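Okay, structure first, notes after.
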Amino acid sequence: RGPGGSTASSGEAAAGGGGARESWRLACNQQRSKANATRALVRAVASWGPQPARLVNLRTGQQLHVTYWLRDDVKALCIFNREDTQVRVCICSHMDSCEEAASSPDVAARRFFLCLSSEDLRRAVLVTMERCAQGAQVFQRDASQGFRPQLLLLCGDRAKQQDLRGALRALMSEFLIHERPTSSEQSPFDQITVSQRSEEDAAAARPLISWPIVRPAAHKAPEPPCPVDEEAVA
């Protein structure tokens, strides 16, 4: 190796390090742009407000006219049933999958039974919930324990179906963390557990619906007896 070999090697290493830093910076910018676009999509879908749709029961074929909206603050899909006037909350962190109905084998096998046209499939979103999700039986109350609760929602058009599916998948993939107690010697942050997530999601979803609270009528405490003057009585 010549006398200038070490200098050349140092220059190559510096050039390689600069290339790695540039590649890392480019990857960070791409990830930041992707995250910003995703958050913008979620905010846009949440800004729609209530939207009309049809909710299809995959087991009975029954179709209900419902109204849905996305809550970005609590990361939940809310569905209002016009028949029983009940609002049901579907927490995004409890969703196992969210896909186009046209690409689902379950929907394809039941398409004739469900009386779904090609246009219906193009604007339908299929959401599969986790088995352990609180209130997962809301969408299919007659589902047996061997099946995961599924929600088939027919949106107004193809564009809304695409945006809703993208927003739900974005909220599903968010990594939830919480701060550790100050006494912990490990990392100051930790991934949230399933039980903690269920409790916190349930607590966050409670403000979505406020029902009137009926309290029992207040009973007035009995007044103490008047003191008796023993000398006057005597």
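Residues 1 to 234 (the UniProt record's numbering) are what the sequence shown spells out, left to right. Cβ coordinates follow ideal geometry from the N, Cα and C atoms, glycine included. Bear in mind that the values here come from a model prediction, so they are computed numbers and not experimental data.
(request) Go ahead and label Ala109 buried or exposed: buried means 16 or more other beta carbons lie within 10 angstroms of its beta carbon, across all protein chains shown. (result) exposed
(message) Quick check: what's the CA-CA separation for Gln86 versus Ala20?
(response) So the alpha carbons of these two residues sit roughly 55 Å apart.
(request) Would you decide whether Leu26 is buried or exposed? Buried here means 16 or more other CB atoms lie within 10 Å of its CB. (result) exposed
(message) Suppose contacts are defined by Cβ-Cβ distances below 7 Å. Is Leu154 in contact with Asp120 by that definition?
(response) yes
(request) Using the Cα positions of Glu174 and Phe112, report the straight-line distance between them to the nearest angstrom. (result) Taking the straight line from one Cα to the other gives about 36 Å.
(message) Using the Cβ count rule (16 or more neighbours within 10 Å means buried), how would you classify Gln31?
(response) With fewer than 16 Cβ atoms within 10 Å of its Cβ, Gln31 is classed as exposed.
(message) Just to confirm, is the Cβ distance from Cys90 to Leu70 under 7 Å?
(response) With contacts defined as CB atoms closer than 7 Å, Cys90 and Leu70 fail to qualify as a contacting pair.
(request) Classify Gly18 as helix, strand or coil using the three-state DSSP reduction. (result) Note: Gly18 maps to helix in three-state DSSP.
(request) List the endpoints of the continuous alpha helix (DSSP H) containing Arg71. (result) Taken as a continuous stretch (DSSP letters only), Arg71 belongs to no alpha helix (DSSP H), being part of the beta strand (DSSP E) at Gln63 to Arg71.
(request) Would you please state the rounded distance, in angstroms, between the beta carbons of Gln150 and Leu126? I believe it to be under 8 Å. (result) 6 Å
(request) Look at the alpha carbon of Tyr68 and the alpha carbon of Ser33, and state the distance between them as a whole number of angstroms. (result) Between Tyr68 and Ser33, the C-alpha separation is close to 29 Å.
(message) Looking at Arg158: is its Cβ nearer than 7 Å to the Cβ of Arg131?
(response) no
(request) Evaluate Cys28 with the Cβ neighbour count: other Cβ atoms within 10 Å of its Cβ, from every protein chain shown; 16 or more gives buried, anything less gives exposed. (result) exposed
(request) Could you tell me which residues DSSP puts in a beta bridge with Pro52? (result) Thr67
(message) Quick check on DSSP: helix, strand or coil for Ser173?
(response) Under the three-state reduction of DSSP, Ser173 is assigned to coil, being neither helix nor strand.
(request) Work out the CA separation of Asp106 and Leu114 for me, nearest whole Å. (result) 11 Å
(request) Run the CB neighbour count on Arg123, radius 10 Å, all protein chains shown included, and call it buried at 16 or more, exposed below. (result) buried
(message) Helix, strand or coil, according to DSSP, for Glu100 in the structure here?
(response) strand
(message) I'd like to check one pair, Ala167 with Val66: are the Cβ atoms closer than 7 Å?
(response) no
(request) Work out the CA separation of Glu22 and Arg82 for me, nearest whole Å. (result) 55 Å
(request) Starting from Asn81, follow its DSSP beta bridges and name the residues at the other end. (result) Among the bridge pairs identified by DSSP, Asn81 is matched with Val66 and Gln86.
(request) Grab me the residues of Asp72's own chain with a C-beta within less than 7 Å of its C-beta, minus the 5 sequence neighbours each way, in chain order. (result) Val42, Arg43 and Ala46
(message) For Leu121, report the span of its alpha helix (DSSP H) as first-last.
(response) Ser118 to Arg122
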